[in-house]
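Chemist: Using my numbering, the first residue of the sequence shown is number 2, and each one after it goes up by one.
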Amino acid sequence: MTHDDQRTTALEIGRLVEKAGLSTPCLLLDGAAVDRAVDRFRRHLPAARLFYAVKANPSPALVRHLAGAGLSFDVASAGEIGSVRSLGIDGSRLYLSTPVKSRDTLRALFEERVGAIAVDTIAELERVAAYRRTHGYT
2 MTHDDQRTTA
12 LEIGRLVEKA
22 GLSTPCLLLD
32 GAAVDRAVDR
42 FRRHLPAARL
52 FYAVKANPSP
62 ALVRHLAGAG
72 LSFDVASAGE
82 IGSVRSLGID
92 GSRLYLSTPV
102 KSRDTLRALF
112 EERVGAIAVD
122 TIAELERVAA
132 YRRTHGYT
């Protein structure tokens, strides 16, 4: 892209922001660029299940777009689990990877049927299992 192309693109984006009545600063995402990045990962890692870390950018529009592209989601808290589930994304597509699992996060893990969880120690696994038993989750 030339300098003139960049200037033209910047002007077009400025007009778009103004027309939409958005305040600045704001973040604009290019869905086609996101799709190209996903395609690149798939091309180089064809057997991999791709996960997007929600904490990187929890924008509902972005998460919805990535869900439509077939990605799964790395979540780290009850809030992130709830926000992704509120978009209609099945809990089986979520992976809880945080090393700190609060009671709220454990509750959300079981209530929303998160598909996978990472544990770092046997003691942590026992804590998660005890929470599950104590609260009657199956």
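Idealized CB from N, CA, C, for every residue including glycine. On a predicted model such as this, the values are computed, not experimentally measured, just so you know.
Please name the residue in E81, K102, T135 and L29 whose C-alpha comes closest to that of L95.
Modeler: Along the sequence shown, one-based indexing puts residue 95 at 94. Taking only the C-alpha atoms, the option nearest L95 is E81.
Chemist: DSSP on V120, reduced to helix/strand/coil?
Modeler: Within the sequence shown, the letter at position 119 stands for residue 120. The answer is coil: DSSP assigns V120 none of H, G, I, E or B.
Chemist: What is the DSSP secondary structure of S93, reduced to helix, strand or coil?
Modeler: Looking up residue 93 in the sequence shown gives position 92. Helix, per DSSP.
Chemist: How many whole angstroms separate the CB atoms of R114 and S87, which I take to be in contact at a CB cut-off of 8 Å?
Modeler: Start at 1 with the first residue of the sequence shown, and residue 114 comes out as number 113. Start at 1 with the first residue of the sequence shown, and residue 87 comes out as number 86. Not really, about 15 Å apart at Cβ, beyond 8 Å.
Chemist: So, are the CB atoms of V101 and V76 less than 7 Å apart?
Modeler: The residue given as residue 101 occupies position 100 in the sequence shown. The residue given as residue 76 occupies position 75 in the sequence shown. Going by C-beta atoms, V101 is not nearer than 7 Å to V76.
Chemist: What does the alpha-carbon distance come out to for the pair R133 and F111?
Modeler: By 1-based counting over the sequence shown, the position of residue 133 is 132. By 1-based counting over the sequence shown, the position of residue 111 is 110. Straight-line Cα distance between these residues: approximately 7 Å.
Chemist: Go through its chain and collect everything with a Cβ distance to F42's Cβ below 8 Å, but skip five positions before and after it.
Modeler: Indexing the sequence shown from 1 puts residue 42 at position 41. Correct list, in chain order: A49 and L51.
Chemist: Please determine, among S73, L67 and A57, the residue with the shortest C-alpha to C-alpha distance to G116.
Modeler: The residue labelled residue 116 in the question sits at position 115 within the sequence shown. Ranking the options by Cα distance to G116, first place goes to S73.
Chemist: Please report the distance separating the alpha-carbon of A212 from that of S84.
Modeler: As displayed, the chain neither begins before 2 nor continues past 139, which places residue 212 out of reach and without an answer.
Chemist: Can you find the residues in the same chain that come closer than 6 Å, C-beta to C-beta, to R65, ignoring five residues on each side of it along the sequence?
Modeler: Within the sequence shown, residue 65 is the residue found at index 64, counting from 1. Here the set comprises L88.
Chemist: Here's the rule I'm using: 16 or more other beta-carbon atoms within 10 Å means buried, otherwise exposed. How should A109 be labelled?
Modeler: Numbered from 1 along the sequence shown, position 108 holds the residue referred to as residue 109. With 16 or more other Cβ atoms within 10 Å, it is buried.
Chemist: Among the residues of its own chain, which have a CB less than 6 Å from the CB of T99, if the five just before and after it don't count?
Modeler: On the sequence shown, residue 99 is found 98 positions in, with the first residue counted as 1. Close CB contacts of T99 within its chain, under the 6 Å cut and outside five residues either way in sequence, are with A77 (chain order).
Chemist: Between the beta-carbon of L30 and the beta-carbon of L63, is there less than 7 Å?
Modeler: Locating residue 30 in the sequence shown gives position 29, counting from the first residue. Locating residue 63 in the sequence shown gives position 62, counting from the first residue. Their beta carbons are under 7 Å apart, which means L30 touches L63 by this criterion.
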